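Participant: Just passing along the structure, written as structure tokens.
There are 2 protein chains.
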Amino acid sequence: MRPGVESAGRKSQIDMIKKALEKVMSEDMSEIWTVLNNEEKRRIIDSFVIHNFKKNQMIYAEGEEPEYLWCLLQGKVKKFKDGVGGRVQILRLIRSVQYFGYRAYFANERYNSSAAAFEPSTVGTLPMTLVKDMINNNRKLAWFFIHELSRNLGGSDTKIVNLTQKHIRGRLAEALIVLSDHYGFEDDNMTLKIYMAREDLANLSNMTTSNAIRTLSGFVAEKLITVDGRRIRILDEPQLRKISKYG
Amino acid sequence: MRPGVESAGRKSQIDMIKKALEKVMSEDMSEIWTVLNNEEKRRIIDSFVIHNFKKNQMIYAEGEEPEYLWCLLQGKVKKFKDGVGGRVQILRLIRSVQYFGYRAYFANERYNSSAAAFEPSTVGTLPMTLVKDMINNNRKLAWFFIHELSRNLGGSDTKIVNLTQKHIRGRLAEALIVLSDHYGFEDDNMTLKIYMAREDLANLSNMTTSNAIRTLSGFVAEKLITVDGRRIRILDEPQLRKISKYG
DNA sequence: GTAACTTTGTGTTTTAAAACATAAAAGGTA
DNA sequence: TACCTTTTATGTTTTAAAACACAAAGTTAC
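In the order they appear, the protein sequences are chains A and B. Numbered continuously in the numbering used here, the first sequence closes out at residue 247. Numbered continuously in the numbering used here, the second sequence closes out at residue 494.
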């Protein structure tokens, strides 16, 4: 897949790459880069390609051949899977700086899920062949991926039980908690930093859009949250956690 | 956790270990061993401990500290998670020779699920500290785990969609297909090689035991399968696959 | 071999969530 | 501005699956 490079003029494109690389290299969260030696860093800088995606634009689709390691630099990305009868399940949310799209390559499979930008996003790519070489020469990088994969697998297994066994209210409360843990709050420490459509909220918590809307209204009536369009404020997190646990 | 060693007399215990090691070392499915050099093989032989588990005996439980790589030599093992209201979800089935129990260690977490023997089973353990050392000295071993974790993660994501979106009949049909793919058939090429309680079948396909029984009876009435106690024969696999896809 | 317990089987009732049906807001566009 | 599309909201109906209830087979233990 050759992703949509929003060509934005040569100068500003170069600036963007520079800024993005700086961000990637300095971000302490992305421990991945701290384990590279200088030669590896040069190879990365030479191969790193920046792409911009518009709101709701697909990054890759289930069934395609995985070729790149994707690194979200700016924005928010969802990984999702189309199921039966037009229903969609959001599997994982990506924030900056996080890596994604490598699992299928490692498993020797085609993409098992799709990725799309939630909001305007900047993504860097690195050919997986290069990543593979780097892993072979750098055992810390191997451990980085072993660790990431292991954490994600645990998360997926937990999600299976949450989505199949909890009731609607529990699932939505859980989704709100996950969103707050993952993307955090605005400066007021209450407003979720992600503004998603009710439909996405529904696809995240395995319910229909109407039920997401209805249940959300219920939470408002119980004064657990307030809602202003897509702006959600968490008022009573402990109670939400309780409902998420089972209620 | 110190697992239950069914001490079976010194002589036969030694025989068992010898046989088990032979099996592990020769099994071509377990590519993991082919990548080791002689020194590594000696370290393994010295540390490898055999354990026997009775039918339904727990191997480890959610929340415990992971210390060992488990290798199923003989028998069948289920990995499962206790959810809300006494419900159980079977997450993965292990056959010989397969490895399990390493994810939590790699993720630096406690066990996220439990493991129990479906039937009398023989399991070998290796301290994860040793496995870690081996990975550091052997990049092919690192790739083995990256590959396994990646495949499992893809499977878990698929399972999320299957279990949340398919209807009861589809989920049970899917479970039967998975069982046949995973454990295979008896010599008649029809009878599933695994004999599980209806309750386990239900826990595998996210439904109540009564619904598993009822739906299974439905399949019998439609001549898709026959049932004789826990012995299930697949008569019409194509149709089962169709139902599993959506029916 | 009989009693106690567990597993399987089936019918009936209840319920949680989907499906359907509108309508009002909100957002985009000509 | 007016028009069209999408999103949000809420009420009503339908339905798939759980819950409940009981009986018959099978197992296990004594």
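For every residue, glycine included, the Cβ atom is placed at its ideal position computed from N, Cα and C. Nothing here was measured: the structure is a model prediction, and the numbers come from that model.
How many angstroms separate the CA atom of residue 315/B from the CA atom of residue 119/A?
Facilitator: Counted from its first residue, the second sequence places residue 315/B at position 68. Counted from its first residue, the first sequence places residue 119/A at position 119. Using only the alpha carbons, I get a separation of about 43 Å.
Participant: Taking all protein chains shown into account, do 16 or more other C-beta atoms lie within 10 angstroms of the C-beta of residue 217/A, making it buried, or fewer, making it exposed?
Facilitator: Here residue 217/A corresponds to residue number 217 of the first sequence, with the count starting at 1. Label assigned to residue 217/A: exposed.
Participant: Closest to residue 288/B by CA distance: which of 385/B, 432/B, 319/B and 420/B is it?
Facilitator: In the second sequence, the residue the question calls residue 288/B occupies position 41. Comparing Cα-Cα distances from residue 288/B to each of 385/B, 432/B, 319/B and 420/B, the minimum goes to 385/B.
Participant: Runs of 4 residues minimum, wholly inside the stretch 392 to 477 of chain B: which ones carry the alpha helix (DSSP H) assignment?
Facilitator: 415 to 430, 445 to 451 and 456 to 468
Participant: Round the Cβ separation of residue 165/A and residue 330/B to the nearest angstrom and send it over; I've been treating them as touching at under 8 Å.
Facilitator: Counting from one through the first sequence, the residue named residue 165/A turns up at place 165. Counting from one through the second sequence, the residue named residue 330/B turns up at place 83. Confirmed, Cβ separation roughly 4 Å.
Participant: Taking 6 Å as the limit between beta carbons, can you name the residues of its chain near residue 460/B, skipping five residues before and five after?
Facilitator: In the second sequence, the residue the question calls residue 460/B occupies position 213. Cβ within range, chain order: 445.
Participant: With a threshold of 8 Å between beta carbons, is residue 394/B in contact with chain A?
Facilitator: For this step, residue 394/B is matched to residue 147 along the second sequence. Residue 394/B counts as touching chain A.
Participant: So if DSSP puts residue 123/A in a beta bridge, which residue, or which two residues, is it bridged to?
Facilitator: Counted from its first residue, the first sequence places residue 123/A at position 123. Residue 123/A pairs with 51/A and 72/A.
Participant: Can you list, in chain order, the residues of its chain whose CB lies under 7 Å from that of residue 475/B, leaving out five sequence neighbours each side?
Facilitator: Residue 475/B sits at position 228 when you count from the first residue of the second sequence. Nothing meets the Cβ criterion.
Participant: Leaving aside the five residues before and after residue 61/A along the sequence, list all residues of the same chain whose C-beta is less than 6 Å from its C-beta, in chain order.
Facilitator: Taking the first sequence and counting its residues from 1, one reaches residue 61/A at position 61. Excluding residues within five positions, the ones whose Cβ falls inside 6 Å are 114.
Participant: Quick one: what does DSSP say residue 344/B is sitting in, helix, strand or coil?
Facilitator: Within the second sequence, residue 344/B is the residue found at index 97, counting from 1. Residue 344/B falls in the coil class under three-state DSSP.
Participant: How should residue 301/B be labelled, buried or exposed, when 16 other C-beta atoms within 10 angstroms of its C-beta is the threshold for buried?
Facilitator: Your numbering for residue 301/B matches position 54 in the second sequence. So residue 301/B ends up on the exposed side.
Participant: In terms of residue numbering, what span does the alpha helix (DSSP H) encompassing residue 352/B cover?
Facilitator: On the second sequence, position 105 is the one that residue 352/B refers to. Per DSSP, residue 352/B belongs to the alpha helix (DSSP H) from 350 to 354.
Participant: Can you check which of these residues, 401/B, 398/B, 419/B and 488/B, is closest to residue 457/B by C-alpha distance?
Facilitator: Position 210 of the second sequence, counted from the start, is the residue given in the question as residue 457/B. When each option's Cα is compared against that of residue 457/B, the closest is 419/B.
Participant: With three or more beta-carbon pairs closer than 8 Å as the criterion, would you say the stretch 75 to 82 of chain A touches the stretch 92 to 102 of chain A?
Facilitator: With a cut-off of 8 Å, the stretch 92 to 102 of chain A and the stretch 75 to 82 of chain A count as touching, because enough Cβ pairs lie within range.
Participant: Interface residues of chain B around residue 164/A at Cβ under 9 Å?
Facilitator: As a first step, residue 164/A is located in the first sequence; it is residue number 164 there, counting from the start. The answer, in chain order, is 330, 334, 336, 407, 410, 411 and 453.
Participant: Look up residue 82/A in the DSSP assignment and say whether it is helix, strand or coil.
Facilitator: Reading the first sequence from its first residue, position 82 is the one you call residue 82/A. The answer is strand: DSSP assigns residue 82/A an E or B state.
Participant: So which residues of chain B does residue 107/A contact, with C-beta pairs closer than 7 Å?
Facilitator: As a first step, residue 107/A must be located in the first sequence, where it is residue number 107. Under the 7 Å cutoff, chain B gives 394, 397, 398 and 401.
Participant: Are the C-beta of residue 386/B and some C-beta of chain A separated by less than 8 Å?
Facilitator: In the second sequence, the residue the question calls residue 386/B occupies position 139. With 8 Å as the cut-off, residue 386/B counts as an interface residue toward chain A.
Participant: Give a yes or no on whether 8 Å exceeds the smallest Cβ distance from residue 389/B to chain A.
Facilitator: As a working note, residue 389/B is residue 142 in the second sequence. Judged by the 8 Å Cβ criterion, residue 389/B is in contact with chain A.
Participant: Could you name the residues of chain B that residue 113/A contacts, counting a contact when the two beta carbons are closer than 7 Å?
Facilitator: The sequence position of residue 113/A within the first sequence is 113, counting from 1. Within 7 Å Cβ-Cβ: 404.
Participant: Contact between the stretch 173 to 188 of chain A and the stretch 86 to 95 of chain A: three or more CB pairs below 8 Å?
Facilitator: yes
Participant: By the DSSP assignment, the beta strand (DSSP E) with residue 307/B in it spans what residues?
Facilitator: Counted from its first residue, the second sequence places residue 307/B at position 60. 305 to 307 is the span of the beta strand (DSSP E), which, as asked, contains residue 307/B.
Participant: Which residues in the same chain have their Cβ closer than 7 Å to the Cβ of residue 312/B, if we skip the five residues on either side of it in sequence?
Facilitator: To locate residue 312/B, count along the second sequence from 1; it is residue 65. Cβ neighbours of residue 312/B beyond the five flanking positions: 357.
Participant: Of all the options 205/A, 46/A, 59/A and 232/A, which has the alpha carbon lying nearest to the alpha carbon of residue 193/A?
Facilitator: Your numbering for residue 193/A matches position 193 in the first sequence. Among 205/A, 46/A, 59/A and 232/A, the Cα nearest to that of residue 193/A is on 232/A.
Participant: Using 8 Å as the threshold, is the C-beta distance between residue 221/A and residue 201/A below it?
Facilitator: Numbered from its first residue, the first sequence carries residue 221/A at position 221. Numbered from its first residue, the first sequence carries residue 201/A at position 201. One thing to note: residue 221/A has its Cβ no nearer than 8 Å to the Cβ of residue 201/A.
Participant: Can you list, in chain order, the residues of its chain whose CB lies under 8 Å from that of residue 470/B, leaving out five sequence neighbours each side?
Facilitator: The count along the second sequence starts at 1 and reaches residue 470/B at position 223. Shown here for residue 470/B: same chain residues with a beta carbon closer than 8 Å to its own, the five before and five after excluded, namely 482 and 483 in chain order.
Participant: Output, in chain order, the set of chain A residues within a Cβ distance shorter than 8 Å of residue 383/B.
Facilitator: Residue numbering aside, residue 383/B sits at position 136 when the second sequence is read from its first letter. Result: 139.
Participant: So, does the CB of residue 275/B fall closer than 8 Å to a CB anywhere in chain A?
Facilitator: Here residue 275/B refers to the residue found at position 28 of the second sequence. At residue 275/B, the pLDDT of 39 sits below 50, so the modelled position is not reliable; the number obtained from the coordinates is stated separately. By this cut-off, residue 275/B is not an interface position.
Participant: Taking only the alpha-carbon atoms, compute the straight-line gap between residue 245/A and residue 37/A and give it to the nearest angstrom.
Facilitator: As a first step, residue 245/A must be located in the first sequence, where it is residue number 245. As a first step, residue 37/A must be located in the first sequence, where it is residue number 37. Each residue's Cα considered, the two are about 45 Å apart.
Participant: Under a CB-based cut-off of 8 Å, is residue 249/A close to chain B?
Facilitator: It is not possible to answer for residue 249/A, since the shown part of chain A is limited to 1 through 247.
Participant: Do you know offhand how far residue 395/B's Cα is from residue 149/A's?
Facilitator: The residue you call residue 395/B lines up with position 148 of the second sequence. The residue you call residue 149/A lines up with position 149 of the first sequence. A straight-line Cα-Cα distance of about 10 Å links residue 395/B and residue 149/A.
Participant: Need the endpoints of the beta strand (DSSP E) that residue 513/B sits in, please.
Facilitator: This structure cannot speak to residue 513/B, because chain B is shown only from 248 to 494.
Participant: For residue 232/A, which residues does DSSP report across the bridge?
Facilitator: By 1-based counting over the first sequence, the position of residue 232/A is 232. Looking at the DSSP assignment, residue 232/A forms a beta bridge with 227/A.
Participant: If you draw a straight line from the C-alpha of residue 230/A to the C-alpha of residue 58/A, how long is it?
Facilitator: Locating residue 230/A in the first sequence gives position 230, where the first residue counts as 1. Locating residue 58/A in the first sequence gives position 58, where the first residue counts as 1. Their Cα atoms are separated by approximately 22 Å.
Participant: Determine the chain A residues that contact residue 350/B at a beta-carbon separation under 8 Å, and present them in chain order.
Facilitator: Here residue 350/B refers to the residue found at position 103 when the second sequence is read from its first residue. Simply 150, 153 and 154.
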